[in-house]
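S.K.: Have a look at this one.
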Amino acid sequence: MSSTPLTLAERRERQLAHDDARERHRAERPSLLAPRRSIDELRAIADEAQTRFADADTDEVLAWVAEEFGYRTAVACSMADAVLPHVVARHLPWVDTLFLETGYHFAETIGTRDAVEAQLELSIVDVTARQTVAEQDAEYGPRLHERDPGLCCQLRKVEPLQRTLGEYEVWITGVRRDEAPTRANTPFVTWDDKNGLVKVNPLAAWSWDDLLGYAAEHDVIVNPLVNDGYPSIGCAPCTRRVAPGEDPRAGRWAGLDKTECGLHT
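Under the working numbering, think of the first position of the sequence shown as 1210, with each following residue one higher.
Take a look at the structure:
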């Protein structure tokens, strides 16, 4: 039996309560943060955990993250779907969820970001480049992504994320082993030497069907582009539809000798 739809006033009241709870958490957040530990301490934690959680499950890993790192945790989400932040927020409500606002996103991705922020118990942090797209075009020329996609990703994704991650001890990604051959050996926990913190991949052992099944079971938001032939979604100029049977990431930087933006390499 379906429930009675909420009235407009009830939806507004629910949204206001949701937003108020987020603001109260933000006010309390400083008191919940322990001092950031040293690189050597964090590396030792990562090395021990990589072995301990080699055969763990998602909830076991995330329960450890919540206890070990608390709100020195960041979740990275591309907004192809909200499964990862949904899973993490069950252990860390109002966890910081980093969205790389490159200036090149599909409108559907921005819409997904806004819907996720409105509905889930998380705190969206927009991560932006030092330059606007117009400023980058002025310095490097228009359509840098066509001429030097590696540099464009470095400027609009890698460097901004690295700068932002300096506040945290661990970052959580949605990398899965089935996404590409380059990700086949992804561990649940590892040391991220590039960014100087622990990296956790709690969905590493999930399949594409696992992800969609979780989204359906828990009514989690999925970017509408996923059902329009985009199983992997990046910036609009560098992402195309994927034909049936193609590798899920075949639509990223198609025709170029590039398979990763640099965040996970």
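C-beta: ideal position from N, C-alpha, C; glycine also. In this text the structure is predicted, and so the values were computed from the model without any measurement.
Tell me whether the region 1322-1330 and the region 1348-1365 touch, counting them as touching only if at least three CB pairs, one residue from each stretch, are closer than 8 angstroms.
M.R.: No, they do not touch.
S.K.: Any idea what DSSP makes of valine 1451, helix, strand or coil?
M.R.: Here residue 1451 refers to the residue found at position 242 when the sequence shown is read from its first residue. Three-state DSSP puts valine 1451 in coil, outside helix and strand.
S.K.: Using DSSP bridges, identify the partner residues of aspartate 1401.
M.R.: Residue mapping note: residue 1401 aligns to position 192 of the sequence shown, counting from 1. Answer is Leu1406, bridged to aspartate 1401.
S.K.: Give the C-beta separation of valine 1398 and valine 1284 to the nearest angstrom, bearing in mind that I take them to be a contact with Cβ-Cβ under 8 angstroms.
M.R.: Here residue 1398 refers to the residue found at position 189 when the sequence shown is read from its first residue. Here residue 1284 refers to the residue found at position 75 when the sequence shown is read from its first residue. Not a contact, Cβ separation roughly 15 angstroms.
S.K.: Nearest to proline 1440 by CA position, among Pro1214, Ala1452, Pro1457, Ile1430, is which residue?
M.R.: Translated into positions along the sequence shown, residue 1440 becomes position 231. Considering only alpha carbons, the answer is Pro1457.
S.K.: Here's the rule I'm using: 16 or more other beta-carbon atoms within 10 Å means buried, otherwise exposed. How should arginine 1322 be labelled?
M.R.: The residue you call residue 1322 lines up with position 113 of the sequence shown. Arginine 1322 comes out buried.
S.K.: With H, G and I counted as helix, E and B as strand and the rest as coil, what does DSSP make of valine 1367?
M.R.: Locating residue 1367 in the sequence shown gives position 158, where the first residue counts as 1. The answer is helix: DSSP assigns valine 1367 an H, G or I state.
S.K.: Going residue by residue through the region 1308-1354, where are the continuous alpha helix (DSSP H) segments of at least 4 residues, counting only ones entirely within it?
M.R.: DSSP runs (the alpha helix (DSSP H)) wholly in the region 1308-1354: 1316-1328, 1342-1349.
S.K.: Given a cut-off of 8 angstroms on the beta-carbon distance, is the pair valine 1407 and leucine 1251 in contact?
M.R.: The count along the sequence shown starts at 1 and reaches residue 1407 at position 198. The count along the sequence shown starts at 1 and reaches residue 1251 at position 42. In contact: valine 1407 and leucine 1251 (Cβ atoms closer than 8 angstroms).
S.K.: Using the Cα positions of proline 1214 and glutamate 1426, report the straight-line distance between them to the nearest angstrom.
M.R.: Taking the sequence shown and counting its residues from 1, one reaches residue 1214 at position 5. Taking the sequence shown and counting its residues from 1, one reaches residue 1426 at position 217. Rounded to the nearest angstrom, the two C-alpha atoms are 20 angstroms apart.
S.K.: Quick check: what's the CA-CA separation for threonine 1204 versus aspartate 1249?
M.R.: Because the chain is modelled from 1210 through 1474, residue 1204 falls outside the range shown and cannot be assessed.
S.K.: Does DSSP put threonine 1282 in a helix, in a strand, or in coil?
M.R.: Taking the sequence shown and counting its residues from 1, one reaches residue 1282 at position 73. Strand, per DSSP.
S.K.: Which residue spans inside the region 1413-1462 form an unbroken beta strand (DSSP E) run of at least 3?
M.R.: Those beta strand (DSSP E) runs which fall completely within the region 1413-1462 and span 3+ residues do not exist here.
S.K.: Count the other CB atoms, across all protein chains shown, that sit within 10 Å of the CB of glycine 1438; report buried if there are 16 or more and exposed otherwise.
M.R.: Sequence index remark: in the sequence shown, residue 1438 carries index 229 (1-based). It counts as exposed.
S.K.: Quick one: give me the first and last residue of the alpha helix (DSSP H) that valine 1296 is part of.
M.R.: To locate residue 1296, count along the sequence shown from 1; it is residue 87. Taken as a continuous stretch (DSSP letters only), the alpha helix (DSSP H) holding valine 1296 covers 1292-1298.
S.K.: Skipping 5 residues on each side, what residues in its chain have a beta carbon closer than 6 angstroms to that of aspartate 1387?
M.R.: Position 178 of the sequence shown, counted from the first residue, corresponds to residue 1387. Same-chain partners within the cutoff: Ser1416.
S.K.: Should the region 1358-1373 be regarded as contacting the region 1258-1275, the criterion being three or more beta carbon pairs within less than 8 angstroms?
M.R.: As far as the Cβ criterion goes, the region 1358-1373 does not touch the region 1258-1275, which means the pair count is below three.
S.K.: Name the one or two DSSP bridge partners that threonine 1306 has.
M.R.: Position 97 of the sequence shown, counted from the start, is the residue given in the question as residue 1306. Paired residue(s): Val1284, Ile1333.
S.K.: Hey, out of Ala1343, Met1288, Arg1233, Glu1376, whose CA is closest to phenylalanine 1278's CA?
M.R.: Counting from one through the sequence shown, the residue named residue 1278 turns up at place 69. Answer by Cα proximity: Glu1376.
S.K.: If you run the structure through DSSP and keep just helix, strand and coil, what is valine 1270?
M.R.: Residue 1270 sits at position 61 when you count from the first residue of the sequence shown. Of the three classes helix, strand and coil, the one that applies to valine 1270 here is helix, per DSSP.
S.K.: Going by the beta-carbon positions, is the gap between alanine 1289 and leucine 1331 smaller than 8 angstroms?
M.R.: For this step, residue 1289 is matched to residue 80 along the sequence shown. For this step, residue 1331 is matched to residue 122 along the sequence shown. Contact: no.
S.K.: For glutamate 1461 and phenylalanine 1262, I'd like the C-alpha separation in whole angstroms.
M.R.: Here the question's residue 1461 lines up with position 252 in the sequence shown. Here the question's residue 1262 lines up with position 53 in the sequence shown. In the sequence on display, residue 1461 carries arginine and not glutamate. Roughly 31 angstroms separates the two Cα atoms.
S.K.: Taking only the alpha-carbon atoms, compute the straight-line gap between alanine 1291 and phenylalanine 1308 and give it to the nearest angstrom.
M.R.: Residue 1291 sits at position 82 when you count from the first residue of the sequence shown. Residue 1308 sits at position 99 when you count from the first residue of the sequence shown. Near 11 angstroms, if we compare the C-alpha coordinates of phenylalanine 1308 and alanine 1291.
S.K.: At which residues does the alpha helix (DSSP H) containing alanine 1218 begin and terminate?
M.R.: Counting from one through the sequence shown, the residue named residue 1218 turns up at place 9. Its alpha helix (DSSP H) spans residues 1217-1241.
S.K.: Does the separation of the CB atoms of threonine 1311 and arginine 1365 fall below 8 angstroms?
M.R.: As a first step, residue 1311 must be located in the sequence shown, where it is residue number 102. As a first step, residue 1365 must be located in the sequence shown, where it is residue number 156. Yes; because the gap between Cβ atoms is below 8 angstroms, this pair is in contact.
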